[in-house]
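Visitor: First residue of the sequence shown: -3, per my numbering; consecutive thereafter.
C-beta atoms are modelled at their ideal positions from N, C-alpha and C, and glycine is treated no differently.
Model, not experiment: these values are computed from the prediction.
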Amino acid sequence: MNQVIPAPVSVAPDRNGGEFRLTSQTVIQAERGAQRVGEYLAGLLRPATGYRLPVTGDRRSDGTISLALGRVDAQLGDEGYELEADRRGVEIKARTAAGLLNGVQSLRQLLPAQVESRSLARGPWTVPAGRIVDYPRFAHRGAMLDVARHFFAPDEVKRYIDQISLYKINELHLHLADDQGWRIEIKSWPRLTTYGGSTEVGGGPGGYYTQEQYRDLVSYAAARGIAVIPEIDMPGHTNAALASYAELNCDGVAPPLYTGTDVGFSSLCIDKEITYRFVGDVLRELAALTPGEYLHIGGDEAHVTTEPDYIKFFQRVLPMVEALGKKVSGWHELIKATPAVSALPQYWGTTNSNALVTDAVARGNKILLSPANKSYLDMKYDENTPLGLSWAGFIEVDDAYGWDPGTYLQGVPESSVAGVEAPLWSETLENSDHIEFMAFPRLPAIAELGWSPWSTHDWASFRSRLAAQAPRWTELGIDFYRSPQIDWP
Ligand code: TNX
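(1) Exposed or buried, what is residue 130 when buried is set at 16 or more other beta-carbons lying within 10 Å of its beta-carbon?
(2) Please find out if some non-hydrogen atom of the ligand TNX comes closer than 7 Å to the beta-carbon of residue 178.
(3) On the CB-based measure, 16 or more other CB atoms within 10 Å of its CB, does residue 98 come out buried or exposed?
(4) Using a Cβ-Cβ cut-off of 8 Å (strictly less than) and excluding sequence neighbours within five positions of residue 362, which residues of its own chain qualify?
(5) Does the distance from the C-beta atom of residue 418 to that of residue 366 stay below 8 Å?
(6) Does any residue of chain B have a CB that is nearer than 8 Å to the CB of residue 142?
(7) Could you please give the first and the last residue of the uninterrupted alpha helix (DSSP H) stretch that includes residue 270?
(8) For the ligand TNX, is there a heavy atom less than 7 Å away from the beta-carbon of residue 58?
(9) Taking one C-beta from the stretch 149 to 164 and one from the stretch 81 to 91 each time, how about it: are there three or more such pairs within less than 8 Å?
(10) Is the stretch 119 to 126 touching the stretch 51 to 58 in the sense that three or more CB pairs, one from each, lie closer than 8 Å?
(11) How many Å lie between residue 234 and residue 175 at the Cα?
(12) Which complete beta strand (DSSP E) runs does the stretch 148 to 174 hold, if anything under 3 residues is left out?
(13) Check each candidate in 215, 221, 212, 143 and name the one with the smallest Cα separation from residue 193.
(14) CB of residue 297 to nearest heavy atom of the ligand TNX: below 7 Å?
(15) Compare the beta carbon distance of residue 314 and residue 333 with 8 Å and say whether it is the shorter of the two.
(16) Under DSSP, the beta strand (DSSP E) around residue 415 begins and ends at which residues?
(17) Between which two residues does the beta strand (DSSP E) holding residue 121 run?
(18) Helix or strand or just coil, what does DSSP make of residue 230?
(19) Tell me whether residue 78 sits in a helix, a strand or coil according to DSSP, three-state version.
(20) When you compare only the Cα positions, how much space is there between residue 239 and residue 41?
(21) Are three or more beta carbon pairs between the stretch 452 to 469 and the stretch 164 to 181 nearer than 8 Å?
(22) Distance, Cα to Cα, residue 2 vs residue 359?
(23) Indicate, with yes or no, if the ligand TNX has a heavy atom lying under 7 Å from the CB of residue 425.
(24) Can you tell me where the beta strand (DSSP E) with residue 292 in it begins and where it stops?
(25) Among all the DSSP beta bridges, which residues are the ones paired with residue 454?
(26) Give me the Cβ distance between residue 416 and residue 134, rounded to the nearest whole Å; I'm assuming they're in contact under 8 Å.
(27) With the cut-off set at 8 Å, would you say residue 459 and residue 482 are in Cβ contact?
(28) With C-beta atoms as the reference, is residue 307 less than 8 Å away from residue 230?
(29) Quick one: is residue 342 buried, meaning 16 or more other Cβ sit within 10 Å of its Cβ, or exposed?
(30) Please tell me whether, using a cut-off of 7 Å, the distance from the CB of residue 142 to the nearest non-hydrogen atom of the ligand TNX is below it.
(31) Let's test the definition: count the other Cβ atoms within 10 Å of the Cβ of residue 447 and tell me whether it reaches 16, buried, or not, exposed.
(32) Report yes if the CB atom of residue 256 is closer than 8 Å to the CB atom of residue 295, and no otherwise.
(33) Using the Cα positions of residue 390 and residue 270, report the straight-line distance between them to the nearest angstrom.
(34) Taking C-alpha atoms, which residue in 353, 400, 379 lies nearest to residue 371?
(35) Identify the continuous beta strand (DSSP E) that holds residue 343 and give its terminal residues.
(36) Cutting at 7 Å between CB atoms, please list the residues of its own chain near residue 378, excluding the five before and the five after it.
Quick look at the structure:
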């Protein structure tokens, strides 16, 4: 029972041993409101076991995995769950479907690794007897994927969604536009995608999501307990838009498409009225595609926008987001424009104090932590890593795991931390293999920092639990980095 990542709040293996065994007779009993989770669980377990695993609302006593809503301790909150296993069955209880999904992810990890096989595999399919009580330390546990520098097709994004859900990540931040490509269809500005989405770093064909494909991604993520935060980076990182519409440029001349990896050379034209019509249209269409609370409006590395212009720009754009009923998320530079206290600045620096962030905290903002030298999954592991960048340093597994979000930034108490995010920038990453090699094993480390109580933080325990994940990744076809810090089986 002690092998789950992220480490649960409490794990009590049954002192008499014993186990539940999944058989061809097992049924999944899902209460009203839990059927979708039941079907999701059945879908995970059927390929390897070959069992029918019917999902039913009927009450049964023996041989069931039951998913129950309501009647739980208040401390579990909306995302917590209780899991109890004995010889007769497994019961997962939670207040919400999100809590049940988290319980399901733990149950998956209590079953043998071969359960992840997508074709018939050999059991026995046992769950050790005992009880887990579990809930998250931070409400926000994010992963970010940059689909702008290199485009990733919907199936590749779904594959990553499946992988991050296993570690109870609940927010997927999609970096949808940058200098090298615009990836989300905006019906009122069609050239953003047809032209602005037509390439990527290195000059490949790029691509984009139609609004229909994007909605499908959002609902695929939601079924796994994950909200999508769409990002349109502005006023910098906008060459793809500027190339698509000449009128957005101060001089009225469209620059060429860009396929390199420089940052900080583009800016929307702050003094042109059309800029705000453009931004308003984009945000309106984006908000209509977004059931989640946040729109991310970037704000990083605006090196060719003067500070007064930067502030002027965001003082017009920030109210647009709120008028659409959404909260603002943005990189921490955005704090210069004094966003509302509901806004969520995202810290991406490499130092453990930052004056802008301390100011925002004093005003009442919560901060999302993604320190580049700890949580950036695109940083190389060491000098020999074939992919990735190294501007924020090398990040080995113990670096990714070895910091406390609750005390990391001076002047930012745990109560002002919304959570953590692990960004994956894609200048050097072209396909799912590349994504997985950089995310595994560091993504589970960041996920544990976001979920698990600090009292469970322990490198020796994490190392051994991480090693135990490897056979699962192999079953899932995840090409992970065999860090020399871990005793892989
Ligand atoms: C900095 S982090 C950026 C991105 C790059 C990344 C590469 C941040 C807010 N901006 O534009 O892709 O470094 O690691």
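Guide: On the basis of the data shown:
(1) buried
(2) no
(3) buried
(4) 340, 412, 413, 414
(5) yes
(6) Any reference to chain B falls outside this structure, which holds one protein chain only.
(7) 269 to 284
(8) no
(9) no
(10) no
(11) 5 Å
(12) 167 to 171
(13) 143
(14) yes
(15) yes
(16) 413 to 420
(17) 121 to 124
(18) strand
(19) strand
(20) 48 Å
(21) no
(22) 32 Å
(23) no
(24) 290 to 294
(25) In DSSP, residue 454 forms no bridge with anything.
(26) 7 Å
(27) yes
(28) no
(29) buried
(30) yes
(31) buried
(32) no
(33) 42 Å
(34) 400
(35) 340 to 343
(36) 390, 392
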